[in-house]
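Protein chains in written order, with the working numbering: chain F, 319 to 699; chain U, 17 to 316.
For each residue, glycine too, the CB sits at the ideal point set by N, CA and C.
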Amino acid sequence: MNKKDAKAQLMQGNEACAEGAIYAGCRFFAGYPITPASEIAERLSYRLPQEDGTFIQMEDEIASMGAIIGASLAGVKSMTATSGPGFSLMQENLGFACMAEVPCVVVNVMRGGPSTGLPTNPAQGDVMQARWGTHGDHPIIVLSSASVWECFTLNVKAFNFSEKYRTPVILLMDEVIAHMREKIALPAPGEIEVIDRVKPSVPPEWYLPYEDTSSGVPPMGIFGEGYRYHVTGLTHDIRGFPTLRQDEIQPFILRLFRKISSHFDDIQLVEAYQIEDAEIVIIAYGCSARAAHRAMVEARAQGRKVGLLKLITLWPFPRKFVEPLTYAGKILLVPEMNMGQISREVKRVNQGKTKVLTLNKIDGTIIKPQEILEKIQEVSK
Amino acid sequence: MEDRPLIYKYLRHDKKFPHVWCPGCGIGILLGSLIRAIDHLGYSKDEIVLVSGIGCSGRLPVYVDFNTLHTTHGRALTFATGIKLAKPELKVIVIMGDGDATAIGGNHFIHAARRNLELTAIIVNNNIYGMTGGQYSPTTPYGQRATTAIYGSVENSFNIAQLAACAGAVFAARGTVYHVRQLDQLIEKALLKKGFGVVEVISQCHTHFGRLNKMGNHIEMMKWQRDNAVPVEKAKKMTPQEMEGKFEIGILVDREAPSYIEEYQKVRQKAKEAAAYQLTAKVEKEEKEESDRREISDRI
């Protein structure tokens with residue numbers, strides 16, 4: 319047994335996600351039990367107090383979302399974890415976090431829906447809910463993990479994005495990834511970058527909490543640190559006070575969008591596998607990306623030119639990686655465990671330039687490599 | 017007049033006044049009481065966090081120079097829970113209305129009381145949804161009119177202070193905006209309480225409740241408060257028939273119980289002990305494995 323292997327351990331996706339939160343500096347968790355996300359809460363309930371953090375089980379998911387926003391305003395990195403039904407309950411306060419620009423992370427371990435649906439079966443049906451679940455126009459960052467290691471690293475990433483851009487970040491996992499066990503070695507402190515929010519450096523009397531900056535992200539005052547300001551879900555001016563003035567409303571909402579859209583290069587993450595010479599490119603995410611990778615390897619072995627574009631960032635949709643594929647005339651295949659939530663987005667980017675094939679499955683089971691391979695064989699006869 | 021400089025000290029002067037409340041509303045009187053209580057107890061502006069929900073009462077924090085948070089409807093207590101747990105040194109005060117606290121936020125209210133986290137909840141009870149135009153609330157008395165109950169409400173109403181007491185609040189009191197001096201003291205006591213303290217404040221909405229129920233203007237409604245409020249001590253000696261249509265004011269519950277913050281410190285202590293134990297166990301196990309291995313290699 320060498321030194322490196324000594325650190326390796328068999329870990330579940332949910333546990334890795336919880337450890338990722340600790341690594342990222344999260345010291346507050348509020349949640350409500352729900353299958354298949356409960357292990358995240360369970361692990362954090364004994365890990366957080368060891369790190370001088372706080373775990374609380376709230377009365378429902380609405381309260382959980384409120385509590386993590388409150389904790390974040392008091393200067394502590396915070397998160398919650400849930401599944402589809404609970405995620406629906408969180409939507410109103412999620413919008414509050416977008417509006418008031420409060421960093422926080424929401425993990426949604428997707429299960430079959432709609433409604434109570436299939437609590438113990440996987441699905442990928444919350445892609446659009448993550449994007450448009452809360453009312454009104456708002457930008458949001460949504461990441462999707464496809465392995466236990468990614469549950470760890472992407473949760474760190476989610477915290478980094480939320481702190482950097484002062485926005486809620488949603489980490490979409492699915493039941494398969496959440497309950498799957500893989501060998502991972504937890505990184506030592508400093509191995510993965512951890513970003514903290516920028517705090518104001520001006521004297522309190524000069525501080526404008528929602529002022530535009532070059533990055534579009536204003537420094538964040540913390541409750542109790544001398545920067546007394548007003549936080550509200552109402553549309554507000556640069557001082558944080560409610561406003562109905564047209565010349566204040568529009569610039570504010572536009573800034574919310576700009577702070578994300580001007581950093582697409584940083585936020586949009588994908589992994590490309592053998593797409594250069596590929597005639598067919600599979601676009602997949604989450605557990606479907608694992609099946610897609612296997613299908614790609616087998617198709618290559620059969621001499622078929624197949625590539626894979628694995629999406630890590632789902633929203634903002636990584637258009638700049640998909641668009642070149644459509645110009646190159648490659649056939650795109652989008653396997654997903656819903657009725658076509660990302661394929662619709664791919665088609666929007668494609669605008670009829672090339673062929674976009676879908677492979678949708680909503681029977682509560684995963685998409686198998688063989689099913690993707692059969693689809694590939696169908697088109698590349 | 018003597019209050020003017022004090023109020024002036026705590027208002028946000030750069031805020032676009034005038035405020036949103038109707039002339040004669042009781043919320044302004046409550047705000048005065050709250051400021052006097054905070055000033056009298058000597059809290060600094062930086063350590064106070066004022067959290068509110070949605071409704072007429074929800075607009076209260078924006079006018080005063082504290083850390084202020086105007087949250088979503090009914091959820092003020094959940095945000096306050098997060099703030100207090102993240103930074104226990106802050107004094108977190110939650111302002112809610114009757115609909116805010118006991119209808120949409122009813123679940124959060126009873127659970128906050130049960131948990132006994134050190135929060136001060138001040139609930140302005142004007143028996144109606146004022147901001148949305150006078151719809152009936154959980155505290156609209158049976159038979160009274162509202163814009164969604166023009167034939168009279170057929171629902172029974174909540175007694176907020178008693179509800180808080182039953183749910184486990186260590187301090188529950190009721191005051192009115194007419195009995196201002198008493199209200200100052202009740203808020204002070206609630207602020208000093210180690211645990212979840214509730215002050216229900218009977219206020220008037222002459223714009224909706226008064227008009228719909230022919231109770232007159234704000235002055236007449238305050239006279240109604242004067243005539244129908246019965247001190248707790250006196251109410252104990254009265255029969256239910258005599259109390260008909262009247263309400264108690266004063267401290268209903270004041271007891272001691274360990275607060276959530278204190279209890280959670282114990283959890284942290286236990287967690288650290290467990291972590292230390294695990295670490296020693298791990299080291300011992302590794303040492304044993306190492307010695308076993310040496311033994312085997314020696315034999316070979």
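Among the residues facing chain F, Pro77 (chain U) is included, as its CB has a counterpart in that chain under 9 angstroms away. Looking only at F:Pro653, F:Gly625, F:Val640, F:Phe373, the smallest Cα-Cα distance to Ser606 (chain F) is reached by F:Pro653.
In terms of Cβ geometry, Gly430 (chain F) and Ala448 (chain F) do not form a close pair [threshold 9 angstroms]. Of the residues F:Glu333, F:Asn411, F:Lys517, the one whose Cα lies closest to the Cα of Gly544 (chain F) is F:Lys517. Beta-bridge pairing by DSSP links Leu626 (chain F) to F:Tyr591, F:Ile600.
In the structure shown, the three-state DSSP call for Pro687 (chain F) is helix. In the structure shown, His29 (chain U) falls within a coil segment according to DSSP collapsed to helix, strand and coil. DSSP, read as helix, strand or coil, puts Ser406 (chain F) in helix.
Taking a contact as a CB-CB distance under 8 angstroms, the pair Thr485 (chain F) and Ile578 (chain F) counts as one, their CB atoms being some 7 angstroms apart.
Not flagged as an interface residue toward chain F: Ala188 (chain U), since no C-beta distance is shorter than 9 angstroms. Between Tyr364 (chain F) and Pro421 (chain F), the CB-CB gap reaches or exceeds 9 angstroms. With contacts defined as CB atoms closer than 9 angstroms, Gly146 (chain U) and Cys221 (chain U) qualify as a contacting pair. Each residue's CA atom was taken as its position, placing Leu412 (chain F) and Asp555 (chain F) some 20 angstroms apart. For the stretch 552-566 of chain F, the beta-carbon criterion of a distance under 8 angstroms to any beta-carbon of chain U is satisfied by Leu552, Arg557, Phe559, Pro560. Identification of chain F residues near Ile99 (chain U) by a Cβ-Cβ cut-off of 8 angstroms yields Gly388, Ala389, Leu391, Ala392, Phe541, ordered along the chain.
Rounded to whole angstroms, the separation of the alpha carbons of His195 (chain U) and Arg242 (chain U) is 8 angstroms. A residue is called buried once 16 or more other Cβ atoms fall within 10 Å of its Cβ, and Gly90 (chain U) is buried on that count.
In the DSSP assignment, Glu500 (chain F) forms a beta bridge with F:Met329. Distance from Leu626 (chain F) to Ile600 (chain F) at the Cβ level is roughly 5 angstroms; contact confirmed, criterion being Cβ atoms closer than 8 angstroms. In the DSSP assignment, Cys422 (chain F) forms a beta bridge with F:Pro486. In the structure shown, Ser382 (chain F) adopts helical secondary structure according to DSSP, grouped into three states. Within the stretch 416-430 of chain F, Ala418 place their CB atoms closer than 9 angstroms to a CB of chain U, listed in sequence order. The alpha-carbon of Asn172 (chain U) is positioned some 36 angstroms away from that of Gly454 (chain F). Ile593 (chain F) and Val624 (chain F) have their C-alpha atoms roughly 7 angstroms apart. The C-alpha of Lys501 (chain F) is placed about 21 angstroms away from the C-alpha of Leu295 (chain U). By DSSP's assignment, Thr550 (chain F) forms a beta bridge with U:His86. When rounded, the separation of the alpha-carbon atoms in Val549 (chain F) and Cys344 (chain F) is 22 angstroms. If you look at Asp55 (chain U), you'll find it in the alpha helix (DSSP H) that goes 43-57. With 16 or more neighbouring CB atoms inside 10 Å of its own CB, Pro536 (chain F) falls in the buried class. The straight-line gap separating the alpha-carbon atoms of Lys298 (chain U) and Ala602 (chain F) is approximately 41 angstroms.
Bridge partners of Ile138 (chain U) according to DSSP: U:Ile111, U:Val215.
For Val65 (chain U), the nearest beta carbon of chain F is closer than 9 angstroms to its own beta carbon. Between Gly122 (chain U) and Ser390 (chain F), the C-beta gap is not smaller than 9 angstroms, which leaves the two residues out of contact. Within chain F, the residues whose beta carbon sits less than 7 angstroms from that of Thr88 (chain U) are Glu410, Asn411, Phe414, Gly551, listed in sequence order. Using a Cβ-Cβ cut-off of 9 angstroms, Tyr280 (chain U) counts as an interface residue toward chain F, since at least one Cβ of chain F sits closer than that to its own.
When C-beta atoms of the stretch 51-62 of chain U are compared with those of the stretch 80-90 of chain U, three or more pairs fall below 8 angstroms, so the two segments count as touching.
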